[in-house]
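Per the working numbering, residue 18 is the first one in the sequence shown, and the count goes up by one each step.
We treat Cβ as the ideally placed atom computed from N, Cα and C, and that holds for glycine.
Below is one structure, written out as structure tokens; the observations come after it.
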Amino acid sequence: MQKITSFTINHIKLQPGIYVSRKDPVQDTVITTFDLRMTSPNEEPVMNTAEVHTIEHLGATFLRNHPEFGSGIIYFGPMGCRTGFYLLLTGDYESADITGLITEMFEFIRDYRGEVPGASPRDCGNYLDMNLPMANYLAKKYLDEVLYHITPDRLVYPE
């Protein structure tokens, strides 16, 4: 069986950044899938499920309400390996096209205080598995270490 695209990326060289994972034609448009890599695979500890879940709720809420990109958001959610998130957008984009959006989103997550949207038994199947302080911390870390000074090598997958 042929490997899927995400398993062909060299995770030994992969560092935190924003990467185009794939582009899929769908009818008369393109769906661009982004790899929002927050931790260095197999080097740093993975994120725990509570903070990943919190980032998912806050990130999805921010993105779907965004005045420019909101209507083109297909999906935002965690990677199974817990080293980052996938973002699917309608349109043919490159990583540099969304660095502002991703920076805005993680500033929102870093600064968010209060009740996490959708964190109730009616709205979520695992509403108690949330950790807002750790989500705030990880958003700040991603901003400070990656997004605020992102370099071209953090926008294209390593060879």
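> Ordered along the chain, which non-local residues of its own chain (more than five positions away) have a Cβ less than 7 Å from that of Ile127?
Replying inline: For clarity, residue 127 is Arg in the given sequence; the question names Ile instead. Answer for Arg127: Asn153, Ala156, Lys157, Leu160, listed in chain order.
> What alpha helix (DSSP H) runs, 4 residues minimum, are completely inside the region 106–144?
Replying inline: 116–128
> With Ala113 and Leu172 assumed to form a contact (beta carbons below 8 Å), what rounded beta-carbon distance in angstroms separates them?
Replying inline: 6 Å
>> For Thr168, count the other beta carbons within 10 Å of its own beta carbon; 16 or more makes it buried, fewer makes it exposed. Which is it?
In response: exposed
> Name the DSSP bridge partner or partners of Thr46?
Replying inline: Val43
>> Taking only three categories from DSSP, how would you classify Asp170?
In response: helix
> Can you check whether the CB of Leu149 is closer than 8 Å to the CB of Thr71?
Replying inline: yes
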